[in-house]
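Numbering (my numbering), first residue to last: 5 to 347.
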């Protein structure tokens, strides 16, 4: 906290700034969601009518706290919309503890957007499925192997029993899941090749599934990059000494606002053709987050301008990252047999 406090503008001594920052983090009258909502609504004001992917995930802090975040997928990274820090070791979080984060995220998004929520199997909760549907969102959520699938005129089987062999994919349309029989929904099942080897993916979808379903779900991993920015590549969050869930949630407001500004700066620098000033790669080799960081340091050292507003553009990335041929990402799954079952 002492390193963060030294950047605060003011004439008081560094120790006083640190104490002021500590009091701010512990101030119960500061509601991060209310402050951030107005700011983020401005950043996304021009996104009406666009398709938006949101990711829901959790990350452990010191094996003592867990950060739950809803973020918008944006050009290889994720932009925080809502979050909460809980004092618990497990990253498996009950729906009741984070359900308000979904409503906070929904309040930020502009009207008329098509929203799809992405989540890992740690969030395959029937209450979450219902809440997402009530919000009018679509979903691509990975299921546990033990979850039961109900099909018309066919025996009820677990996801694990239905999983196809490597190189094959199974698409189930109009089925029901869990003992509460949530549905009708659609499933995409395959053993998918990832950086960690083959993984069994069973993706729950509100839309009929096909191979594109796996690509959509794969966007969820961009939020993991956002967590890495928090912990190592950007803010060094775990190097701090704060050990209070509410204070960490308020600190999340600082991280979220900074992330918005850094990614906005990176977007502007790339769009304006200034990337080569701070990125040595022939093609874009850095994330927009890191480009933003580097431009700010460059601007302060060389008396260049700083971006005075948010610059976030909807749609696909016109300048995708490509640091080297070795790092080029191939197909997410190699499949030679597809099977469709409609009930």
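For every residue, glycine included, the Cβ atom is placed at its ideal position computed from N, Cα and C.
- Beta-bridge analysis with DSSP links residue 204 to 195.
- About 5 Å separates the beta carbon of residue 59 from that of residue 224, a gap short enough to meet the 8 Å contact definition.
- Cα atoms of residue 275 and residue 298: separation of roughly 15 Å, rounded to the nearest angstrom.
- The residues 175, in chain order, have a CB closer than 6 Å to that of residue 344 in the same chain once the five nearest residues on each side in sequence are set aside.
- Put simply, the backbone Cα of residue 51 is about 8 Å away from that of residue 113.
- Between the alpha carbons of residue 315 and residue 262 lies a gap of roughly 13 Å.
- With 16 or more other CB atoms across the displayed protein chains lying within 10 angstroms of its CB, residue 36 is buried.
- Setting aside the 5 residues that flank it on each side, residue 190 is surrounded in the same chain by 177, 209, 212 and 213, each with a C-beta closer than 6 Å to its C-beta; the list follows chain order.
- According to the DSSP assignment, residue 29 belongs to the alpha helix (DSSP H) that extends over 18 to 29.
- DSSP assignment within the stretch 43 to 90 yields the following whole beta strand (DSSP E) runs of 3 residues or more, N-terminal first: 55 to 65, 69 to 78 and 81 to 90.
- Boundaries of the beta strand (DSSP E) harbouring residue 174: 172 to 181, taken from the DSSP string.
- Residue 164 and residue 133 have their C-alpha atoms roughly 20 Å apart.
- Under the three-state reduction of DSSP, residue 160 is assigned to strand.
- Of the residues assessed, residue 156 falls on the exposed side of the cut-off, its CB having fewer than 16 other CB atoms within 10 angstroms.
- For residue 143, the three-state secondary structure derived from DSSP is strand.
- Judged by DSSP secondary structure, residue 251 falls within the alpha helix (DSSP H) whose first and last residues are 249 to 275.
- In this structure, residue 255 lies away from residue 43, with their beta-carbon atoms at least 8 Å apart.
- Between the stretch 264 to 275 and the stretch 289 to 309 there are three or more C-beta pairs closer than 8 Å, enough to call the two in contact.
- Taking the Cα of residue 95 as reference, the smallest distance to any Cα among 136, 302, 232 and 73 is reached at 73.
- In the assembly as shown, residue 13 is an exposed residue. Its beta-carbon has fewer than 16 other beta-carbons within 10 Å.
- Residues of the same chain with a CB within less than 6 Å of the CB of residue 86, apart from the 5 flanking positions on each side, are 74, 105, 108 and 109 in chain order.
- The stretch 78 to 85 makes no contact with the stretch 136 to 154; the number of CB pairs closer than 8 Å stays below 3.
- Counting other Cβ atoms within 10 Å of its Cβ, residue 309 stays below 16 and is therefore classed as exposed.
- Separation of the CB atoms of residue 62 and residue 89 is rounded to 10 Å, and the pair is thereby denied contact status at 8 Å.
- By the Cβ neighbour-count rule, residue 288 is buried, with 16 or more other Cβ atoms within 10 Å of its own.
- Here residue 141 is buried, its C-beta having at least 16 other C-beta atoms within 10 Å.
- Ranked by Cα distance from residue 139, the first of 159, 154, 120 and 322 is 120.
- Exclusion of the five residues before and after residue 129 leaves 99 as the residues of its chain whose Cβ lies within less than 6 Å of its Cβ.
- The residue from 239, 131 and 250 with its alpha-carbon nearest to that of residue 69 is 250.
- Taking 8 Å as the cut-off, the beta carbon of residue 117 is found no closer than this to the beta carbon of residue 216.
- Around the beta carbon of residue 18, fewer than 16 other beta carbons sit within 10 angstroms, so the residue counts as exposed.
- DSSP places residue 154 inside the beta strand (DSSP E), whose first and last residues are 152 to 155.
- Within the DSSP bridge table, the entry for residue 186 names 181 as partners.
- Excluding sequence positions up to five before and after residue 319, its CB lies within less than 8 Å of the CB of 54, all in the same chain and listed in chain order.
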